[in-house]
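Colleague: Numbering (numbering that gives the first Met the number 0), first residue to last: 0 to 269. Built from N, CA and C at the ideal position, the CB exists for glycine as well. Note that the structure is a prediction, hence the values are computed from the model and not measured.
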Amino acid sequence: MPELPEVETTRRGVSPHCEGQRVTAVEVRDHRLRWPVPDQLPALLVGQVFQSVERRAKYLLFRTSAGTLLVHLGMSGSLRLVSQEEPPRRHDHIDILLKNGLCLRYHDPRRFGCCLWLEKGELHPLLGKLGPEPLSAGFDGDYLYRCSRGRKGPIKNFIMDAKVVVGVGNIYANEALFLAGIRPDRASGRISRARYDDLASQIKQVLTTAISNGGTTLRDFVGGDGKPGYFAQKLLVYGRKGEPCKQCGHTLREARLGQRSSVYCVTCQR
DNA sequence: CGCTGACCCTGACGGC
DNA sequence: TGCCGTCAGGGTCAGC
Numbered sequence: 000m001p002e003l004p005e006v007e008t009t010r011r012g013v014s015p016h017c018e019g020q021r022v023t024a025v026e027v028r029d030h031r032l033r034w035p036v037p038d039q040l041p042a043l044l045v046g047q048v049f050q051s052v053e054r055r056a057k058y059l060l061f062r063t064s065a066g067t068l069l070v071h072l073g074m075s076g077s078l079r080l081v082s083q084e085e086p087p088r089r090h091d092h093i094d095i096l097l098k099n100g101l102c103l104r105y106h107d108p109r110r111f112g113c114c115l116w117l118e119k120g121e122l123h124p125l126l127g128k129l130g131p132e133p134l135s136a137g138f139d140g141d142y143l144y145r146c147s148r149g150r151k152g153p154i155k156n157f158i159m160d161a162k163v164v165v166g167v168g169n170i171y172a173n174e175a176l177f178l179a180g181i182r183p184d185r186a187s188g189r190i191s192r193a194r195y196d197d198l199a200s201q202i203k204q205v206l207t208t209a210i211s212n213g214g215t216t217l218r219d220f221v222g223g224d225g226k227p228g229y230f231a232q233k234l235l236v237y238g239r240k241g242e243p244c245k246q247c248g249h250t251l252r253e254a255r256l257g258q259r260s261s262v263y264c265v266t267c268q269r
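1) Please report the distance separating the alpha-carbon of V274 from that of D160.
2) State buried or exposed for G267, treating a residue as buried only when at least 16 other CB atoms are found within 10 Å of its CB.
3) So A172 is in the alpha helix (DSSP H); what residue range does that whole segment cover?
4) Quick one, are the C-beta atoms of Q201 and A186 less than 8 Å apart?
5) Within 10 angstroms of the Cβ of D107, are there 16 or more other Cβ atoms? Answer buried if so, exposed if not.
6) Spatial neighbours of K162 within its chain, please: CB distance less than 8 Å, with the 5 preceding and 5 following residues excluded, ordered by chain position.
7) Rounded to whole angstroms, how far is the Cβ of R194 from the Cβ of I181, which I believe are closer than 8 Å?
8) C244 by DSSP, collapsed to three states: which one?
9) List the whole-angstrom C-beta distance separating L97 from V22, where the pair is believed to meet the contact cut-off of C-beta under 8 Å.
10) Could you pull out every residue in the same chain whose Cβ sits closer than 6 Å to the Cβ of C17, ignoring the five residues on either side in sequence?
11) Thinking C-beta only, is E2 closer than 8 Å to G112?
12) Look at W116 and G66 and say whether their C-beta atoms are less than 8 Å apart.
13) Using only alpha-carbon positions, find the residue among M74, R104 and R89 that is nearest to S82.
14) Cα separation between R28 and P124?
15) Entirely within the segment 59–90 and at least 4 residues each: give me those alpha helix (DSSP H) ranges in chain order.
16) Can you tell me whether C247 is buried or exposed, with buried defined as 16 or more other CB within 10 angstroms of its CB?
17) What did DSSP end up calling C264 once you bin it into helix, strand or coil?
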């Protein structure tokens, strides 16, 4: 489910209801996530006040004066606010009850996500080796160009590598490469500076658009179904294998790169 | 260090 | 209707 736009949408949705709120209770129904949910989590969290909800890459960071709750939604996770009376459904693994009567509920069928605690001042190894945020000023064509010199792997794997840049998932990697006219299997080390300028701005563009579309669901986030609005967005290549390219009409092809499906147009992407 | 492939887990979907 | 293989938007890790 979540690419960077949905994680950001989630952050914007839950943050106004969490900030300034004291945690009154924590219930962990299933601790078997990507890494086990710490047994001490309830004891550590109860009584703390969420000062802010931040995002780094696809991690959500709930700051308190004692430390930080670090949440990742994995592939199938979601976080939403429900009434404390609402009974949990299957795969609702964690409840964090707040003073305002709401419950922050973590749901994750595949359990690829995680929910961890960081002591104040502790830098988690997961956050240590991350590349720049794609929407930051430090991320641009020049950066990608310099990073890629000497590398032989496909450009698509390169831009999905969190050590290079965070938050570019499979959907938007496909879309950005189409918009920049670059074949996903081209060696990243052999792409020109000018094309990287275009690619960097297309990545920013596609993520920005998706975030603003995801924002349409914010209104009914509380008690809503949490379904991302950007699903409705017209994707140009992702999920369109065998269909005509919207730019030239050529049939879109699929290739597998790094275990993930890549859809592209042989005419528009070189 | 860079790159590849296996793996973590459940659910949805298409073919037979 | 039901069974089975395949695939899914995340990321880590071992091995070469």
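Modeller: Concretely, from the data shown:
1) What is shown of the chain runs 0 to 269, which leaves residue 274 out entirely.
2) Along the first sequence, read from residue 1 onward, the residue named residue 267 stands at position 268. At residue 267 the sequence reads Cys, which differs from the Gly that was named. That one is buried.
3) Counted from its first residue, the first sequence places residue 172 at position 173. Counting along the chain, the alpha helix (DSSP H) containing A172 begins and ends at N169 to A179.
4) Taking the first sequence and counting its residues from 1, one reaches residue 201 at position 202. Taking the first sequence and counting its residues from 1, one reaches residue 186 at position 187. Contact: no.
5) Here residue 107 corresponds to residue number 108 of the first sequence, with the count starting at 1. D107 should be labelled buried.
6) The residue you call residue 162 lines up with position 163 of the first sequence. Same-chain partners within the cutoff: K128, L129 and G130.
7) As a first step, residue 194 must be located in the first sequence, where it is residue number 195. As a first step, residue 181 must be located in the first sequence, where it is residue number 182. Correct: roughly 6 Å between the Cβ atoms.
8) The sequence position of residue 244 within the first sequence is 245, counting from 1. Reduced to three states, the DSSP call for C244 is coil.
9) For the purposes of this step, residue 97 is identified with residue 98 of the first sequence, where counting begins at 1. For the purposes of this step, residue 22 is identified with residue 23 of the first sequence, where counting begins at 1. Right, their Cβ atoms sit about 6 Å apart.
10) In the first sequence, counting from the first residue as 1, residue 17 sits at position 18. If we look at C17 and ignore the five residues flanking it on each side, its Cβ neighbours are F49 and V52.
11) Walking along the first sequence from the start, residue 112 turns up at place 113. Walking along the first sequence from the start, residue 2 turns up at place 3. Their beta carbons are not under 8 Å apart, which means G112 does not touch E2 by this criterion.
12) Counting from one through the first sequence, the residue named residue 116 turns up at place 117. Counting from one through the first sequence, the residue named residue 66 turns up at place 67. It is a contact, given that the beta carbons lie within the stated cut-off.
13) To locate residue 82, count along the first sequence from 1; it is residue 83. The shortest Cα separation from S82 among M74, R104 and R89 belongs to R104.
14) By one-based count along the first sequence, residue 28 stands at place 29. By one-based count along the first sequence, residue 124 stands at place 125. When rounded, the distance between both Cα atoms is 26 Å.
15) none
16) The residue given as residue 247 occupies position 248 in the first sequence. Exposed, because fewer than 16 other Cβ atoms sit within 10 Å of the Cβ of C247.
17) Against the first sequence, residue 264 aligns to sequence position 265. Reduced to three states, the DSSP call for C264 is coil.
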